[in-house]
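Taking my numbering, the leading residue of the sequence shown gets 159, the next gets one more, and so forth.
Just so it is clear, CB atoms sit at the ideal spot from N, CA and C, and this is done for glycine as well.
A quick note: this is a predicted structure, and the numbers were derived from the prediction, not measured.
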Amino acid sequence: MSSTFGRILRLTTFGESHGKAIGGILDGYPAGIPIDMDRIQAEMDRRRPGSTSLGTSRNEKDEAEILSGVYNGMSTGTPIAFMIRNTSQISSHYSEIEHLFRPGHADYAFQRKYGIRDPRGGGRSSGRETAARVFGGALAKEILRRDGIVIGAGAIEVAGIRATGYGWNPPFPPPLYAPECPELQDMIKAIEDARADSDSVGGVIECRAQGVPAGLGDPVFDKLDALLAHAMLSIGAVKAIEFGAGFAAARMKGSENNDQMEARDGKAAFLSNNAGGILGGISTGSEIVFRVAVKPTPSIAKEQRTITDSYEDTVVSIHGRHDPSIVPRAVSVVEAMAALTITDALLARRCYER
Ligand SMILES: Cc1cc2nc3c(=O)[nH]c(=O)nc-3n(C[C@H](O)[C@H](O)[C@H](O)COP(=O)(O)O)c2cc1C
159 MSSTFGRILR LTTFGESHGK AIGGILDGYP AGIPIDMDRI QAEMDRRRPG
209 STSLGTSRNE KDEAEILSGV YNGMSTGTPI AFMIRNTSQI SSHYSEIEHL
259 FRPGHADYAF QRKYGIRDPR GGGRSSGRET AARVFGGALA KEILRRDGIV
309 IGAGAIEVAG IRATGYGWNP PFPPPLYAPE CPELQDMIKA IEDARADSDS
359 VGGVIECRAQ GVPAGLGDPV FDKLDALLAH AMLSIGAVKA IEFGAGFAAA
409 RMKGSENNDQ MEARDGKAAF LSNNAGGILG GISTGSEIVF RVAVKPTPSI
459 AKEQRTITDS YEDTVVSIHG RHDPSIVPRA VSVVEAMAAL TITDALLARR
509 CYER
């Protein structure tokens with residue numbers, strides 16, 4: 159089972175949602191970086207269950223404990239191991255679905271691969287695993303901050319309602335973690351309506367990385383956009399990613415899509431950013447911009463057809479404490495995975511420069 163992400167900065171996560179704890183090891187983290195636990199906890203708080211009125215009614219504190227790799231508030235260059243205890247599980251919620259497969263969740267595929275699964279809370283396929291990613295991402299941001307790189311993400315679409323005319327000044331506030339826009343209240347209402355209707359809704363999260371220098375990434379397999387796509391599609395419920403103009407580029411002419419250039423004060427300037435800040439797999443120095451599509455939460459209370467693990471037809475209505483939309487809580491996860499990927503590319507370039 160692949161539980162490690164990254165080449166130089168490597169995050170390994172462990173744990174299931176209803177086990178004792180989840181956590182991880184972040185290896186390859188440089189020595190001598192001050193670790194600000196308050197800032198890291200603030201990142202964890204944005205993702206934690208109970209952080210948004212639009213999320214699950216579960217309420218986990220999500221306090222991370224560092225076990226190694228930090229001395230007197232400073233990284234030592236050795237593996238940073240950390241643990242986040244699970245404190246708000248109600249496993250009895252899952253007894254009804256122990257022997258059937260939830261439509262849209264990983265249950266059936268997981269059973270076919272391993273022949274055994276922990277049905278409580280989605281086990282290893284639970285959104286809870288992403289708490290470890292947010293912790294790793296928060297540590298990566300401590301490195302990026304020193305290089306003037308800022309990564310921000312926000313919800314820009316919910317249930318087909320798209321934000322228009324929005325500015326960009328992350329971090330965005332709860333409950334939706336979206337930029338201010340005329341459609342904000344309608345987007346929030348769409349999630350509340352879905353909850354009232356025992357259903358769920360999806361949406362789109364935009365992420366931008368500002369201050370990324372030109373020259374990060376590789377020209378072939380480890381293209382920066384390919385690594386970001388890997389990072390994003392490894393998040394549960396993320397189904398698609400587009401960079402810059404994305405799918406709209408397929409409908410443009412070359413003359414429209416090309417980001418034309420001019421020289422400004424002896425430096426390169428792009429007149430547009432349809433490429434999303436990456437050309438040939440390598441950052442151009444423009445803002446890196448991408449959007450991910452998040453599907454509606456699979457676990458819903460509305461009755462749906464499915465089968466049991468002895469292959470009999472049945473119906474299921476899921477009554478655990480689930481997010482009516484994953485979008486608000488996934489915002490910090492998208493940021494974290496972007497931070498890990500870009501930090502990894504930054505550290506890889508430093509190795510190359512030596
Ligand atoms: C932050 C976060 C929270 C999630 N919360 C839930 C949830 O409450 N209920 C649920 O059924 N799925 C939830 N998911 C989604 C499932 O983990 C995901 O849909 C499932 O593992 C199947 O994977 P796939 O959708 O990528 O195919 C969440 C995902 C994330 C990232």
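Please identify the residue among Gly-295, Arg-260, Pro-207 whose C-alpha is closest to the C-alpha of Pro-333.
Counted from its first residue, the sequence shown places residue 333 at position 175. Residue Pro-207 is the option with its Cα nearest to Pro-333.
How many angstroms separate the CA atom of Gly-213 from the CA atom of Arg-487?
Taking the sequence shown and counting its residues from 1, the one referred to as residue 213 is at position 55. Taking the sequence shown and counting its residues from 1, the one referred to as residue 487 is at position 329. Looking at the two C-alpha atoms, the distance is approximately 7 Å.
If Pro-456 and Arg-260 are in contact, beta carbons under 8 Å, what's the gap, nearest whole angstrom?
Here residue 456 corresponds to residue number 298 of the sequence shown, with the count starting at 1. Here residue 260 corresponds to residue number 102 of the sequence shown, with the count starting at 1. Rounded, the Cβ-Cβ distance is 6 Å, consistent with contact.
As a quick exercise: from Asp-265, Met-195, Thr-442, pick the residue whose alpha carbon is nearest that of Gly-295.
Taking the first residue of the sequence shown as position 1, residue 295 is located at position 137. The residue with the shortest Cα to Cα distance from Gly-295 is Met-195.
First and last residue of the alpha helix (DSSP H) that includes Gln-418?
Translated into positions along the sequence shown, residue 418 becomes position 260. Element bounds for Gln-418: n/a, residue is neither H nor E.
Quick one: give me the first and last residue of the beta strand (DSSP E) that Cys-339 is part of.
Residue mapping note: residue 339 aligns to position 181 of the sequence shown, counting from 1. Premise fails: Cys-339 is in no beta strand (DSSP E) and is neither H nor E.
Mark Asp-502 as exposed unless 16 or more other C-beta atoms lie within 10 angstroms of its C-beta, in which case mark it buried.
Here the question's residue 502 lines up with position 344 in the sequence shown. When all chains shown are included, Asp-502 counts as buried.
Could you work out which residue in Arg-243, Tyr-272, Gly-279, Gln-269 is closest to Ser-109 when comparing CA atoms only?
The question about residue 109 has no answer here: the residues shown for the chain are numbered 159 through 512.
In this structure, how does DSSP classify Arg-275 when only helix, strand and coil are distinguished?
Numbered from 1 along the sequence shown, position 117 holds the residue referred to as residue 275. Arg-275 falls in the coil class under three-state DSSP.
Where the beta carbon is closer than 6 Å to any heavy atom of ligand 1, which residues qualify, in chain order?
For ligand 1, the selected residues are Thr-214, His-263, Ala-264, Gly-280, Ser-283, Ser-284, Gly-285, Thr-288, Ile-393, Gly-394, Ala-395, Lys-453, Thr-455, Pro-456, Ser-457, His-480, Asp-481, Ile-484, Arg-487, Ala-488, Val-491.
Determine, using beta carbons only, whether Val-370 and Ser-441 come nearer to each other than 7 Å.
Position 212 of the sequence shown, counting from 1, holds the residue named residue 370. Position 283 of the sequence shown, counting from 1, holds the residue named residue 441. In this structure, Ser-441 lies closer than 7 Å to Val-370 by Cβ.
Please list, in chain order, all residues of the same chain as Ala-384 whose beta carbon is under 7 Å from its beta carbon, the five residues on each side excluded.
By 1-based counting over the sequence shown, the position of residue 384 is 226. Closer than 7 Å at the Cβ level, and outside the excluded window around Ala-384, lie Gly-439.
Give, in chain order, every unbroken run of the alpha helix (DSSP H) that is at least 4 residues long and sits entirely within the region 174-208.
As far as the region 174-208 is concerned, its whole alpha helix (DSSP H) runs of at least 4 residues are 195-205.
Can you tell me where the beta strand (DSSP E) with Ala-222 in it begins and where it stops?
For the purposes of this step, residue 222 is identified with residue 64 of the sequence shown, where counting begins at 1. Where Ala-222 is concerned, the enclosing beta strand (DSSP E) stretches over 222-224.
Measure the Cβ-Cβ separation of Val-292 and Glu-201 and say whether it is below 7 Å.
Position 134 of the sequence shown, counted from the start, is the residue given in the question as residue 292. Position 43 of the sequence shown, counted from the start, is the residue given in the question as residue 201. Yes, these two residues count as a Cβ contact at 7 Å.
Quick check on the DSSP output: the beta strand (DSSP E) that includes Ile-238 runs from which residue to which?
Taking the sequence shown and counting its residues from 1, one reaches residue 238 at position 80. Run containing Ile-238: 238-243, per the beta strand (DSSP E) assignment.
Go ahead and pull the three-state DSSP assignment for Glu-445.
The count along the sequence shown starts at 1 and reaches residue 445 at position 287. Coil at Glu-445, not helix or strand.
Would you list the residues sitting across from Tyr-510 in a DSSP beta bridge?
Residue 510 sits at position 352 when you count from the first residue of the sequence shown. Note: Tyr-510 sits in no beta bridge, so no partner.
Tell me the DSSP secondary structure of Ser-233 in three-state form.
Your numbering for residue 233 matches position 75 in the sequence shown. Ser-233 falls in the strand class under three-state DSSP.
Please state whether DSSP places Leu-297 in a helix, a strand or coil.
Taking the sequence shown and counting its residues from 1, the one referred to as residue 297 is at position 139. Looking at Leu-297 - three-state DSSP - the assignment turns out to be helix.
Per DSSP, what kind of secondary structure is Ala-354 in: helix, strand or coil?
Along the sequence shown, one-based indexing puts residue 354 at 196. Correct three-state label for Ala-354: helix.
Would you check if the region 357-364 and the region 310-318 touch, i.e. whether three or more CB-CB distances between them fall below 8 Å?
Yes: at least three Cβ pairs fall under 8 Å.
For Ser-284 and Ala-336, what's the separation of their Cα atoms in angstroms?
As a first step, residue 284 must be located in the sequence shown, where it is residue number 126. As a first step, residue 336 must be located in the sequence shown, where it is residue number 178. For the pair Ser-284 and Ala-336, the Cα-to-Cα distance works out to about 24 Å.
Using 10 angstroms around the beta-carbon of Asp-481, count the other beta-carbons present and answer buried if the total reaches 16, otherwise exposed.
Along the sequence shown, one-based indexing puts residue 481 at 323. Per the 10 Å Cβ criterion, buried.
So is Asn-327 buried or exposed if we call it buried at 16+ other beta carbons inside 10 Å?
On the sequence shown, position 169 is the one that residue 327 refers to. Result: exposed.
Whole-angstrom Cβ separation of Gly-434 and Val-452, contact assumed at under 8 Å?
On the sequence shown, position 276 is the one that residue 434 refers to. On the sequence shown, position 294 is the one that residue 452 refers to. Between Val-452 and Gly-434 the Cβ distance is about 18 Å, and since that is not below 8 Å, they are no contact.
Does DSSP put Ile-319 in a helix, a strand or coil?
Sequence index remark: in the sequence shown, residue 319 carries index 161 (1-based). Shown here, Ile-319 sits in a strand according to DSSP, grouped into three states.
With DSSP as the reference, label Glu-287 as helix, strand or coil.
As a working note, residue 287 is residue 129 in the sequence shown. Residue state, collapsed to three classes: helix.
Assign Val-378 to buried or exposed, taking buried as 16 or more other Cβ atoms, counted over all protein chains shown, within 10 Å of its Cβ.
Residue mapping note: residue 378 aligns to position 220 of the sequence shown, counting from 1. Burial call: exposed.
Can you pull the DSSP bridge partners for Arg-463?
Here residue 463 is taken as the residue at index 305 of the sequence shown, counted from 1. Answer is Val-473.
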